[in-house]
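**Q**
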Amino acid sequence: MKVLVVGGGIVGLATAWALVRQGHDPVLFEQGPLPHEGGASYDQHRLIRLPYADQRGYCAMVIDALAAWDRLWDDLGETPYAEIGSLAVSTEENDWTDLSRVTLDALGLDYETFDAGDIHARYPFLTVPQEAWGLFNRRGGLLFADRIVESLIRYLRQRGVRLREETRIVSVDPAAGCVSLDDGSRESAEAIVVAAGAWTAKLFPELARRAVPHRQVVAYLEPPEHHAEAWAAAPAMVHLSNAADIYAAPPAEGSELKFGSGTHRRPGDPDSLESLGKDEAAAVAAAFRDVLRDFDDYTILRGRVCPYGVSPDERFVAERNGGVTVIGGCSGHMFKFGAVMGEELAKTATGERPFEAFRDWAEGRGGRLEED
Ligand SMILES: Cc1cc2nc3c(=O)[nH]c(=O)nc-3n(C[C@H](O)[C@H](O)[C@H](O)COP(=O)(O)OP(=O)(O)OC[C@H]3O[C@@H](n4cnc5c(N)ncnc54)[C@H](O)[C@@H]3O)c2cc1C
């Protein structure tokens, strides 16, 4: 079946990969170059982690996501993934990390817990209160996002998939089953998948409140020399404090130490994102002051601005109209699901999977895929 895919980020590229695997004929449109550095999917890394507070559906989805990444690595012939595990810190009953532990128990998934002394011994760069405890998951870690995106593009090109870069889709017509291109031409197919990231509401204004374009900043840092070795052996830090929504990607396989803060984001038009302010990287890093020993010894290397579409409850937005399937509102957590989302979108677009089941799963209301 011919399927048009709008968007060349991780979701669009993985959908094209899955369509090829399932014997279909995708044509992918990307308004920018490929890879598109101005999208949400192009950065040194994205985290994949099992803890998901009380969001059982997304926690279960991570297990299926890991299996889908393995299928992708087999096809790509490389593994741009470091399974370094993840650490989340709890300081109060029923906080994000504690709820994650309850969810892991409910799903029968393994984890280890560390007390504050263990945390300080294993991760001497951290400073946590005496009552804190850590939730460590062996599975999960760092997905090297830019390497994955580049490798997928190579894979699709080698298989003769039409990748139409620098081609903006200006409208989608579900009734006619076609898209209009910025040169005035139209292309039709039996099915269309729209994975337009922060640009979703530009094509579907009715989704403007459910997939709100945002601007986010991450900071790259160099740790002080006396903490460099410990950082290089550290897991992904997914929830370090209840006071600030902060996470860190440790350096691995040549990537750099990166800090992010969910609270730093703000709404912004992805076509005219304000460039990095002078002190913005420092402002992101400052959120780590209370959890890092020797914070003032870190060197800020640079910041990076990224666009993404955020849904108010952080559940992905899935919509269907005729033969058009839209996925949006990917918020700060879609990359980890890229491969499995591509597979499930491909099945849904081609009629192998009922849309309603896909939507429930994508909204984090399902379970493991084989149980759906
Ligand atoms: C700072 C930051 C940190 C994050 N950290 C994590 C993390 O640790 N773990 C995690 O799982 N997720 C994380 N995320 C979220 C994750 O990166 C995104 O959810 C994911 O990359 C979205 O992929 P996408 O393909 O939907 O969007 P994008 O990568 O933005 O791709 C959409 C593409 O569609 C193209 N496009 C849009 N409209 C059109 C059109 N009309 N015609 C043609 N092309 C079009 C765009 O140019 C763009 O290239 C983070 C996001 C950010 C910004």
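In terms of this note's numbering, the sequence shown opens at residue 8 and continues consecutively.
Glycine residues also receive a C-beta, built at the ideal position from the N, C-alpha and C atoms.
Since this is a predicted model, take the numbers as computed values, not measurements.
Under 7 Å Cβ to Cβ from residue 385, same chain only, skipping five residues before and after it: list those, please.
**A** Lying outside 8 to 379, the shown extent of the chain, residue 385 is not represented and no answer is given.
**Q** Comparing alpha-carbon positions, which option in 200, 141, 171 and 127 lies nearest residue 388?
**A** The question about residue 388 has no answer, for the chain in this structure spans 8 to 379.
**Q** Give every residue of the same chain whose Cβ lies closer than 8 Å to the Cβ of residue 27, excluding the five residues on either side of it in the sequence, and list them in chain order.
**A** Around residue 27: 33, 163, 166 and 168.
**Q** What residue ranges within the segment 285 to 313 form continuous alpha helix (DSSP H) runs of no fewer than 4 residues, ordered along the chain?
**A** Within the segment 285 to 313, the complete alpha helix (DSSP H) runs of at least 4 residues are 287 to 293.
**Q** Kindly examine ligand 1 and report whether one of its heavy atoms sits closer than 7 Å to the Cβ of residue 342.
**A** Result yes, Cβ under 7 Å from ligand 1.
**Q** Label residue 405 either buried or exposed according to how many other C-beta atoms from any shown protein chain fall within 10 Å of its C-beta, with 16 as the threshold for buried.
**A** In the structure as shown, the chain starts at 8 and stops at 379, and residue 405 therefore has no counterpart that could be examined.
**Q** Here's the rule: buried if 16 or more other CB atoms are within 10 angstroms of the residue's CB, otherwise exposed. What is residue 137?
**A** Residue 137 comes out exposed.
**Q** So, residue 343 versus residue 160, is the Cβ gap smaller than 8 Å?
**A** Taking 8 Å as the Cβ cut-off, residue 343 and residue 160 do not qualify as a contacting pair.
**Q** I want to check one thing, is the minimum distance from the CB of residue 34 to the heavy atoms of ligand 1 below 7 Å?
**A** Residue 34: no, Cβ never under 7 Å from ligand 1.
**Q** Assuming residue 305 contacts residue 337 under a Cβ cut-off of 8 Å, what Cβ separation, rounded to an integer in Å, is found between them?
**A** About 30 Å; that fails the 8 Å criterion.
**Q** When every heavy atom of ligand 1 is checked, does at least one fall within less than 7 Å of the C-beta of residue 347?
**A** No, the Cβ of residue 347 stays beyond 7 Å of every heavy atom of ligand 1.
**Q** Can you name the residues that DSSP bridges to residue 316?
**A** DSSP output for residue 316 lists 220 as bridge partner(s).
**Q** Can you list, in chain order, the stretches of the alpha helix (DSSP H) that have 4 or more residues and sit fully within the segment 144 to 209?
**A** Within the segment 144 to 209, the complete alpha helix (DSSP H) runs of at least 4 residues are 152 to 165.
**Q** Please tell me whether residue 141 and residue 110 are closer than 8 Å, where the distance is taken between their beta carbons.
**A** Not in contact: residue 141 and residue 110 (Cβ atoms no closer than 8 Å).
**Q** At a cut-off of 7 Å, is residue 206 close to ligand 1 when judged by its beta-carbon and the heavy atoms of the ligand?
**A** Under cutoff, so the answer is yes.
**Q** Find the nearest neighbour of residue 118 within the set 143, 285, 124 and 217, judged by alpha-carbon distance.
**A** Minimum Cα distance to residue 118 is reached at 143.
**Q** What do you reckon, are the CB atoms on residue 196 and residue 11 nearer than 8 Å?
**A** Cβ distance < 8 Å, so residue 196 and residue 11 count as in contact.
**Q** If you scan the segment 42 to 127 from start to end, which runs of the alpha helix (DSSP H) of 4 or more residues do you find wholly inside it?
**A** Runs of the alpha helix (DSSP H) inside the segment 42 to 127: 63 to 83 and 103 to 113.
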